[in-house]
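Residue numbers (the working numbering): 64 to 254. Each residue gets a CB set at the ideal place from its N, CA and C atoms; glycine is no exception.
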Amino acid sequence: VRTVPLGRVTVAGSPYSVRVLQEGFSTPNPDGSFRADGSVTLIRGGGPVTALVDTGGPWDRATLPRLLAEQGVTPGDVTDVICTHGHSDHVGNLNLFPRARVLVGWDLSLGDGLYLPHRLAQGCPLPLGDSGHLEVTATPGHTPDHVSVVVRGTELGTVAVAGDVFERDGDEDEWRALSQDPAAQERSRRR
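Written as structure tokens, this is what we have:
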């Protein structure tokens with residue numbers, strides 16, 4: 064497994080490109096607490112899907128609309144919001160996207176409260192759109208219902224937007240302390 068710190072970067076692709084709008088972080092404090100915020104990633108291109116992976120924490124609500132606007136995207140343009148898991152630093156701005164299809168872990172719903180069936184818990188990926196280039200796949204470990212988004216056809220080949228499967232580049236030992244199921248997360252990291 065190769066991890067690389069991306070920062071705010073675009074990985075071009077066809078039909079979808081991946082843009083890291085906000086790089087996540089986790090910084091330990093001497094008292095055992097830590098400060099963290101999740102990465103926020105935009106996936107868009109020539110296909111019908113404009114997806115946002117994770118929405119960051121609620122403590123900086125004005126940042127996400129500004130980051131989207133810098134890319135020429137409004138919250139209303141976003142068709143799908145995929146939150147890799149339900150921690151507050153990943154779901155804190157869901158309310159900005161009332162018209163989007165929303166997936167939080169394994170809960171898939173439409174903006175009007177309609178929950179949709181899928182088979183993520185059984186290990187079946189959930190396609191986004193019909194191009195075969197985007198899918199959500201179960202990557203349990205950090206939380207039992209953690210998911211990642213797989214983007215095919217980028218200039219780097221296949222890219223996984225993996226939430227907290229990886230905490231950061233070089234996290235080889237520290238991720239275990241934050242994992243609810245280290246054995247499952249180890250399997251997810253190897254995939």
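Query, Result
"Can you tell me whether residue 85 is helix, strand or coil according to DSSP?", "strand"
"Pairs of beta-carbons, one from the region 151 to 158 and one from the region 115 to 128, closer than 8 Å: are there three or more?", "yes"
"What distance in whole Å lies between the Cβ atoms of residue 104 and residue 83, which are believed to be in contact at a cut-off of 8 Å?", "5 Å"
"Count the other C-beta atoms from every protein chain shown that fall within 10 angstroms of the C-beta of residue 102, then say buried if there are 16 or more, exposed otherwise.", "buried"
"If you follow the beta strand (DSSP E) that residue 98 is in, where does it begin and where does it stop?", "97 to 100"
"Considering only C-alpha positions, which residue in the set 138, 250, 188 and 198 is nearest to residue 162?", "138"
"Under the three-state reduction of DSSP, which class applies to residue 113: helix, strand or coil?", "coil"
"Which runs of the beta strand (DSSP E) spanning at least 3 residues fall entirely within the region 136 to 173, listed in chain order?", "143 to 146, 164 to 167 and 170 to 172"
"Could you give the DSSP three-state label for residue 129: helix, strand or coil?", "helix"
"First and last residue of the beta strand (DSSP E) that includes residue 215?", "210 to 217"
"In angstroms with no decimal places, state the Cα-to-Cα distance between residue 140 and residue 113.", "7 Å"
"Just grab the DSSP bridge partners of residue 107 for me.", "80"
"For residue 91, which three-state DSSP category applies?", "strand"
"Let me make sure I understand the geometry here. Which of 249, 223, 167 and 204 has the alpha-carbon closest to that of residue 80?", "223"
"Where does residue 197 fall in DSSP's three states?", "strand"
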